[in-house]
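Accompanying notes for the structure given below.
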Amino acid sequence: MASSMLVKVTCLSMICLVLDIPLANAALSCGQIQLSVAPCLGYLRNPEPSVSAPCCNGLRSIYGQSKSIADRQSVCRCVKGTIFGLPGINLSALSS
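Per the UniProt record's numbering, the sequence shown starts with residue 1, numbered consecutively.
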């Protein structure tokens with residue numbers, strides 16, 4: 001089930017990237033953000049002792065490209081809209 005949700009999120013992200021659907025004036029499109037956080041979905045559903053390197057790298061990339069407050073707010077809206085719609089997300093893992 002986890003892999004089917006990952007496939008759905010990845011497909012949605014790819015559609016957004018192909019259609020070039022950005023958030024208004026954001027440094028990153030929501031599709032790019034979704035692709036960056038996709039490696040974190042396994043951890044968010046079933047926290048392991050540590051977060052995977054691809055997850056950390058994706059989050060670092062988003063952080064590095066979101067310079068302004070408006071950019072970071074756009075990232076937050078995209079992540080909230082993506083993550084909170086998925087079943088089985090462990091909220092304490094998300095907060096960590």
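Cβ coordinates follow ideal geometry from the N, Cα and C atoms, glycine included.
- Item | 8 Å Cβ cutoff met for SER66 and LEU28 | As a working note, residue 66 is residue 66 in the sequence shown. As a working note, residue 28 is residue 28 in the sequence shown. In this structure, SER66 places its C-beta atom within 8 Å of the C-beta atom of LEU28.
- Message: Can you look up PRO39 in the DSSP assignment and give me helix, strand or coil?
- Response: Working through the sequence shown from its first residue, we reach residue 39 at position 39. Here PRO39 sits in helix by DSSP.
- Tell me whether PRO49 sits in a helix, a strand or coil according to DSSP, three-state version. Here residue 49 refers to the residue found at position 49 of the sequence shown. If DSSP states are grouped into helix, strand and coil, PRO49 belongs with coil.
- Item | Assigned exposure category for ILE62 - 16 Cβ within 10 Å defines buried | Within the sequence shown, numbered from 1, the residue matching residue 62 stands at position 62. Buried is the call here.
- Task: May I have the straight-line CA-CA distance separating ARG60 from SER50, to the nearest angstrom?
- Result: Working through the sequence shown from its first residue, we reach residue 60 at position 60. Working through the sequence shown from its first residue, we reach residue 50 at position 50. Using only the alpha carbons, I get a separation of about 16 Å.
- Task: Could you tell me the distance, in whole angstroms, from the CA atom of THR82 to the CA atom of LEU41?
- Result: Position 82 of the sequence shown, counted from the start, is the residue given in the question as residue 82. Position 41 of the sequence shown, counted from the start, is the residue given in the question as residue 41. A direct Cα-to-Cα measurement between THR82 and LEU41 gives close to 11 Å.
- Assuming ASN90 contacts PRO47 under a Cβ cut-off of 8 Å, what Cβ separation, rounded to an integer in Å, is found between them? The residue you call residue 90 lines up with position 90 of the sequence shown. The residue you call residue 47 lines up with position 47 of the sequence shown. At roughly 6 Å, the Cβ-Cβ gap stays under 8 Å, so ASN90 and PRO47 are in contact.
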